[in-house]
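Trainee: Pasting a structure below so you can have a look.
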Amino acid sequence: MYRYPVSSSSLKLRKRLSILLVLALVLAIACAGLGIAYGRAAKANANTSSILLAKAQNEVSNAKTRAYQLTQASSSTVAATVALVRQHIYALRQLNDLMTGIYGGGASFIDMSLLESCETLLNDCDLKLQSGASLSVTFVELRDAVDALYNSISVALT
247 MYRYPVSSSS LKLRKRLSIL LVLALVLAIA CAGLGIAYGR AAKANANTSS ILLAKAQNEV
307 SNAKTRAYQL TQASSSTVAA TVALVRQHIY ALRQLNDLMT GIYGGGASFI DMSLLESCET
367 LLNDCDLKLQ SGASLSVTFV ELRDAVDALY NSISVALT
C-alpha cells in the first residue's frame, strides 16, 4: 500500500488544531463552572439579604410592641420595658452594621437618623426615670419614632 508523504507543516497544523481544540474545551468547561458558581453565589446573596431583612422586621416589630406597652405599663415595669425596647433597637443597629459590612456602605436598609432618634428618646426615658419626671410625652414620642422605624423597614421589604 502506498502512502502519500506527509509534510512536516501539515503535522504541525494538526498538532496546533488539536491543542486549540483541547484549550477550547477546557475554556468551555471553566466558563460553565464559573456560571454555576455565580448562580449559587447570587442565590446565597439573596438569601442572606432576605434573612437579615426578616430578622430586622422581627426586631422592629418586637420594639413596637414594647413601645406600645410602655404607655400602659405600671411604674414597676417601666424600666424593664424601656430596657427591652433598647435591646431591640440595639439589635437593629447591629443588623444594619452587619448589612453595611456585607454589602458595602450604600447598603444600609435602616435610616441611621431614625435609629439615633429612638436611642435619644430611650436615653431621655432613662434620665426621666432616674429623676422621677413624667414620662407620658416621651413614651408617645418613642412610640412614634419606633412606628417610623417600622414603616421604613416595611418599605425596605417590599
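Just add 246 to the spot in the sequence shown (first one is 1) and you have my numbering. Ideal placement from N, C-alpha and C gives every residue a C-beta, glycine not left out. Everything numeric in this text was worked out from a predicted model, so none of it was measured.
1) What is the rounded straight-line gap between the Cα of residue 372 and the Cα of residue 307?
2) Let me make sure I understand the geometry here. Which of 301, 318, 349 and 280 has the alpha-carbon closest to that of residue 396?
3) Using beta-carbon positions only, say whether residue 305 and residue 341 come within less than 8 Å of one another.
4) Does the distance from the C-beta atom of residue 355 to that of residue 299 stay below 8 Å?
5) Looking at the secondary structure, which residues open and close the alpha helix (DSSP H) in which residue 341 lies?
6) Helix, strand or coil for residue 384? Go by DSSP, reduced to three states.
7) How about residue 388 and residue 313: are their beta carbons less than 8 Å apart?
8) Assign residue 378 to one of three DSSP states: helix, strand, or coil.
Mentor: Result, derived from the coordinates:
1) Inter-residue distance for residue 372 and residue 307 is about 22 Å (C-alpha atoms, whole angstroms).
2) Closest option to residue 396, Cα to Cα, is 301.
3) Contact check for residue 305 against residue 341 passes: the beta carbons are separated by less than 8 Å.
4) Yes. Within cutoff.
5) Here the alpha helix (DSSP H) through residue 341 covers 324–349.
6) Correct three-state label for residue 384: helix.
7) In this structure, residue 388 lies near residue 313, with their beta-carbon atoms less than 8 Å apart.
8) Here residue 378 sits in coil by DSSP.
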